[in-house]
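J.: One structure, pasted below without further comment.
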Amino acid sequence: MKAGQSLSHLTARLLVNLEDHFMMDRPDLVLAHGDTTTCFTTAISSFYHQIPFFHVEAGLRSNRLNSPFPEEFNRQTIAPIARHHFAPTELEKENLIKDGVSSSLITVTGSTIHEAVQTMISKVTPASKACFSELNESRPLVLVTLHRRETTQLLQNTLHGLKSAALSRPEALFICPVHPNPLVQEAFQTYLKGTENIILTEPLAYPQFISLLMRSQLVVTDSGGVQEEAAFLGKKVLLARSETERTDGFESGLTQLIGLNSESIYKTVLDELSGAVCTINFPKINSLSRASEIISNEVQRVVG
Amino acid sequence: MKKIAIVIGTRPEAIKMAPVYLALRKRFGNSVQLISTGQHRELLWQGT
Chain D
88 MKAGQSLSHL TARLLVNLED HFMMDRPDLV LAHGDTTTCF TTAISSFYHQ
138 IPFFHVEAGL RSNRLNSPFP EEFNRQTIAP IARHHFAPTE LEKENLIKDG
188 VSSSLITVTG STIHEAVQTM ISKVTPASKA CFSELNESRP LVLVTLHRRE
238 TTQLLQNTLH GLKSAALSRP EALFICPVHP NPLVQEAFQT YLKGTENIIL
288 TEPLAYPQFI SLLMRSQLVV TDSGGVQEEA AFLGKKVLLA RSETERTDGF
338 ESGLTQLIGL NSESIYKTVL DELSGAVCTI NFPKINSLSR ASEIISNEVQ
388 RVVG
Chain W
301 MKKIAIVIGT RPEAIKMAPV YLALRKRFGN SVQLISTGQH RELLWQGT
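Just so you know, the protein sequences line up as chains D and W, in that order. Per this note's numbering, the very first residue in the first sequence carries number 88; after that it's consecutive. Per this note's numbering, the very first residue in the second sequence carries number 301; after that it's consecutive.
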């Protein structure tokens, strides 16, 4: 991310870059994922250039245009442009149908992230494991990732809650890979730096992150992606946000929405650290989604 | 052969689209291209 880039500047830059590329080397079919500014601008550029656009991880909805911001707006804007929608589950398919998308244009695929995590687990070697000298076998590990734009103002509360929890439980180690967003960097530096059992680190390489996730007792996050990864690995997740469109981990009770209140975050983290380590086994490989194969089949049907 | 483009820009997108990219490459070979928008430039390198 360029330091301090605004959404407008980012959107404009990506639109122009994509157009330059499409003019120079026009694809016949474009695929993008989810609800980021990248996916949003890719859909718009594809539309302007009349190139069929396929949307992966389609159909997530909060039905509140401002939350998550700007992702919900992105999703709602991408949907009418997409020629085909790959929904992770039946729930997202239903959301799209409610928005007027024909069911013939929707394929339920499962989540590609399960395939990604499975591949990464097989690649985690002792050498690729994240190394922190403070982390020994017996020490409870809390993995923290917080970055959301609409919660930046509220990030302070979450960080206060975490700091209090860390001070109350010095034997636990809190590792925070910090998002490069300058506002997020500043908040973490201001509120958490100097606490002995809190480690602020750069974003980790994916195998390292997965190895830490596998090792962790508790995950505190506002990221839907981390929620998915942790739920897949059977980890207890405290979601520091006011709502979520993702259902991962809720059925099993391993994911809990804790809001953005300092006191509630402090209490919940302490409760979880006092409890027994709670994990379930991640699904066996044969029960995995074959999302990428299903998507390939649909692409083949179109491009021949 | 028709050209297929996958566009990514952030690390989560790279991670989540990696299985799709690999599956499409396997089936369609070099006609599949990966485009990075550079939204989060320094976070992209691990995903693929």
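Using N, Cα and C, we set each Cβ at its ideal position, and we do this for glycine too.
In its own chain, which residues sit with a C-beta less than 8 Å from the C-beta of SER215 of chain D, not counting the 5 before and 5 after it?
T.: The sequence position of residue 215 of chain D within the first sequence is 128, counting from 1. Excluding positions up to five away in sequence, the list reads ALA292, PRO294, GLN295 and SER298.
J.: Quick one: is LEU324 of chain W near chain D, going by C-beta distance under 8 Å?
T.: Taking the second sequence and counting its residues from 1, one reaches residue 324 of chain W at position 24. Yes - at least one Cβ of chain D is within 8 Å of the one on LEU324 of chain W.
J.: GLY329 of chain W touches chain D at which residues, Cβ-Cβ below 7 Å?
T.: Position 29 of the second sequence holds residue 329 of chain W. Chain D residues near GLY329 of chain W: none, gap ~12 Å exceeds 7 Å.
J.: Counting along the chain, where does the alpha helix (DSSP H) carrying LEU291 of chain D start and finish?
T.: If you number the first sequence from 1, residue 291 of chain D lands on position 204. Element bounds for LEU291 of chain D: n/a, residue is neither H nor E.
J.: Taking the straight line between their C-alpha atoms, what separation do you get for VAL307 of chain D and GLY248 of chain D?
T.: Looking up residue 307 of chain D in the first sequence gives position 220. Looking up residue 248 of chain D in the first sequence gives position 161. Cα to Cα, the separation comes out at about 11 Å.
J.: Please check if any C-beta of chain W sits within less than 8 Å of the C-beta of ILE382 of chain D.
T.: Within the first sequence, numbered from 1, the residue matching residue 382 of chain D stands at position 295. At least one chain W Cβ lies under 8 Å of ILE382 of chain D.
J.: Starting from the Cα of ASP358 of chain D, find the closest Cα among D:SER310, D:ASN268, D:ALA253 and D:ILE382 and give me that residue.
T.: The residue given as residue 358 of chain D occupies position 271 in the first sequence. Of the candidates D:SER310, D:ASN268, D:ALA253 and D:ILE382, the one whose C-alpha sits nearest the C-alpha of ASP358 of chain D is D:ALA253.
J.: I'd like to check one pair, MET317 of chain W with HIS172 of chain D: are the Cβ atoms closer than 8 Å?
T.: Against the first sequence, residue 172 of chain D aligns to sequence position 85. Against the second sequence, residue 317 of chain W aligns to sequence position 17. Not in contact: HIS172 of chain D and MET317 of chain W (Cβ atoms no closer than 8 Å).
J.: At the level of alpha carbons, what is the spacing between SER95 of chain D and LEU102 of chain D?
T.: Numbered from 1 along the first sequence, position 8 holds the residue referred to as residue 95 of chain D. Numbered from 1 along the first sequence, position 15 holds the residue referred to as residue 102 of chain D. Each residue's alpha carbon lies about 11 Å from the other.
J.: If we count the other Cβ atoms within 10 Å of its Cβ and call it buried at 16 or more, is GLY281 of chain D buried or exposed?
T.: Here the question's residue 281 of chain D lines up with position 194 in the first sequence. When all chains shown are included, GLY281 of chain D counts as exposed.
J.: Verify whether the separation of the beta carbon atoms of THR194 of chain D and GLU330 of chain D is less than 8 Å.
T.: Taking the first sequence and counting its residues from 1, the one referred to as residue 194 of chain D is at position 107. Taking the first sequence and counting its residues from 1, the one referred to as residue 330 of chain D is at position 243. Their beta carbons are not under 8 Å apart, which means THR194 of chain D does not touch GLU330 of chain D by this criterion.
J.: On a CA-only basis, which of D:LYS185, D:PRO267, D:ALA317 and D:SER251 is nearest THR334 of chain D? Give me that one, please.
T.: For this step, residue 334 of chain D is matched to residue 247 along the first sequence. Among D:LYS185, D:PRO267, D:ALA317 and D:SER251, the Cα nearest to that of THR334 of chain D belongs to D:ALA317.
J.: Show which residues of chain W have a CB atom less than 8 Å away from the CB atom of ASP115 of chain D.
T.: Locating residue 115 of chain D in the first sequence gives position 28, counting from the first residue. Contact annotation for ASP115 of chain D against chain W: LYS302, LYS303 and ILE304 [CB-CB distance below 8 Å, chain order].
J.: GLN343 of chain D by DSSP, collapsed to three states: which one?
T.: Stepping through the first sequence from its first residue, residue 343 of chain D is reached at position 256. Strand, per DSSP.
J.: Using Cβ-Cβ distances below 8 Å, what residues of the stretch 120-147 of chain D are close to chain W?
T.: Interface annotation for the stretch 120-147 of chain D against chain W: HIS120, GLY121, THR123, THR124, THR125, CYS126, THR128, THR129, VAL143 and GLU144, criterion Cβ-Cβ distance under 8 Å.
J.: Whole-angstrom Cβ separation of PHE127 of chain D and ASN153 of chain D, contact assumed at under 8 Å?
T.: Sequence index remark: in the first sequence, residue 127 of chain D carries index 40 (1-based). Sequence index remark: in the first sequence, residue 153 of chain D carries index 66 (1-based). PHE127 of chain D to ASN153 of chain D, Cβ: 15 Å. No contact.
J.: If we call anything under 8 Å between Cβ atoms a contact, is VAL204 of chain D one with LEU320 of chain D?
T.: Locating residue 204 of chain D in the first sequence gives position 117, where the first residue counts as 1. Locating residue 320 of chain D in the first sequence gives position 233, where the first residue counts as 1. Taking 8 Å as the cut-off, the Cβ atoms of VAL204 of chain D and LEU320 of chain D count as close.
J.: Pull up the DSSP beta-bridge partners for SER336 of chain W, would you.
T.: Counting from 1 along the second sequence, the entry for residue 336 of chain W is found at position 36. DSSP output for SER336 of chain W lists W:ILE308 as bridge partner(s).
J.: Who are the neighbours of ALA327 of chain D on chain W, taking C-beta pairs under 9 Å?
T.: Taking the first residue of the first sequence as 1, we reach residue 327 of chain D at position 240. By Cβ distance, chain W contributes nothing, its closest Cβ being about 17 Å from ALA327 of chain D, past 9 Å.
J.: At 7 Å on the CB atoms, spell out the chain W contacts of VAL324 of chain D, in chain order.
T.: Residue 324 of chain D sits at position 237 when you count from the first residue of the first sequence. By Cβ distance, chain W contributes nothing, its closest Cβ being about 16 Å from VAL324 of chain D, past 7 Å.
J.: Does GLU181 of chain D have its Cβ less than 8 Å from a Cβ in chain W?
T.: Against the first sequence, residue 181 of chain D aligns to sequence position 94. Closer than 8 Å: no.
J.: Is any non-hydrogen atom of the ligand NAP found closer than 7 Å to the C-beta of GLN276 of chain D, if you look at the structure I gave you?
T.: This structure does not include the ligand NAP; it has no bound ligands of any sort.
J.: Could you check if ASN244 of chain D is buried or exposed, using at least 16 other CB atoms within 10 Å of its CB as the buried criterion?
T.: As a first step, residue 244 of chain D is located in the first sequence; it is residue number 157 there, counting from the start. Result: buried.
J.: With a threshold of 7 Å on Cβ separation, who are the neighbours of GLU381 of chain D within its own chain once the five nearest residues in sequence on each side are excluded?
T.: What you label residue 381 of chain D is simply residue 294 of the first sequence in a count that begins at 1. Just to set this straight, residue 381 of chain D is Ile in the shown sequence, not Glu. The answer, listed in chain order, is THR194 and THR196.
J.: Does any CB atom of chain W fall closer than 8 Å to the CB of GLN314 of chain D?
T.: Counted from its first residue, the first sequence places residue 314 of chain D at position 227. Chain W has no Cβ within less than 8 Å of the Cβ of GLN314 of chain D.
J.: By DSSP's criteria, LEU305 of chain D is part of a beta bridge. Which residues make up the other side?
T.: Counting from one through the first sequence, the residue named residue 305 of chain D turns up at place 218. Beta-bridge pairing links LEU305 of chain D to D:VAL229.
J.: Go through its chain and collect everything with a Cβ distance to LEU230 of chain D's Cβ below 7 Å, but skip five positions before and after it.
T.: Stepping through the first sequence from its first residue, residue 230 of chain D is reached at position 143. The answer, listed in chain order, is ILE262, LEU299, LEU300, SER303 and VAL306.
J.: What residue from D:SER198, D:ARG100, D:ALA274 and D:GLU179 has the CA that sits closest to SER379 of chain D's CA?
T.: Along the first sequence, one-based indexing puts residue 379 of chain D at 292. Closest by C-alpha distance to SER379 of chain D, out of D:SER198, D:ARG100, D:ALA274 and D:GLU179, is D:SER198.
J.: Around the Cβ of GLN314 of chain D, are there at least 16 other Cβ atoms within 10 angstroms (buried) or fewer (exposed)?
T.: Here residue 314 of chain D refers to the residue found at position 227 when the first sequence is read from its first residue. Looking at its Cβ environment, which holds 16 or more other Cβ atoms inside 10 Å, GLN314 of chain D is buried.
J.: Which word fits THR310 of chain W, buried or exposed, when buried means at least 16 other C-beta atoms lie within 10 angstroms of its C-beta?
T.: Mapped onto the second sequence, residue 310 of chain W falls at position 10. Buried is the call here.
J.: Could you tell me which of D:GLU106, D:GLN137, D:MET111 and D:MET110 sits nearest to THR337 of chain W, measuring between CA atoms?
T.: For the purposes of this step, residue 337 of chain W is taken as residue 37 along the second sequence, with counting starting at 1. Of the candidates D:GLU106, D:GLN137, D:MET111 and D:MET110, the one whose C-alpha sits nearest the C-alpha of THR337 of chain W is D:GLU106.
J.: For ALA274 of chain D versus LEU246 of chain D, is the C-beta spacing smaller than 8 Å?
T.: The residue you call residue 274 of chain D lines up with position 187 of the first sequence. The residue you call residue 246 of chain D lines up with position 159 of the first sequence. Result yes, Cβ atoms of ALA274 of chain D and LEU246 of chain D sit closer than 8 Å.
J.: Can you tell which of D:GLY340, D:PRO264, D:ASN150 and D:SER133 has the C-alpha that lies nearest to the C-alpha of GLU47 of chain D?
T.: The structure shown does not extend to residue 47 of chain D, since chain D is modelled only from 88 to 391, so the question has no answer here.
J.: For the beta strand (DSSP E) containing THR194 of chain D, list its first residue and its last residue.
T.: As a first step, residue 194 of chain D is located in the first sequence; it is residue number 107 there, counting from the start. First-last of the beta strand (DSSP E) with THR194 of chain D: 193-195.
J.: With 8 Å as the threshold, decide whether the Cβ of LYS316 of chain W is near any Cβ in chain D.
T.: Position 16 of the second sequence, counting from 1, holds the residue named residue 316 of chain W. Taking Cβ atoms only, chain D reaches closer than 8 Å to LYS316 of chain W, which makes this a yes.
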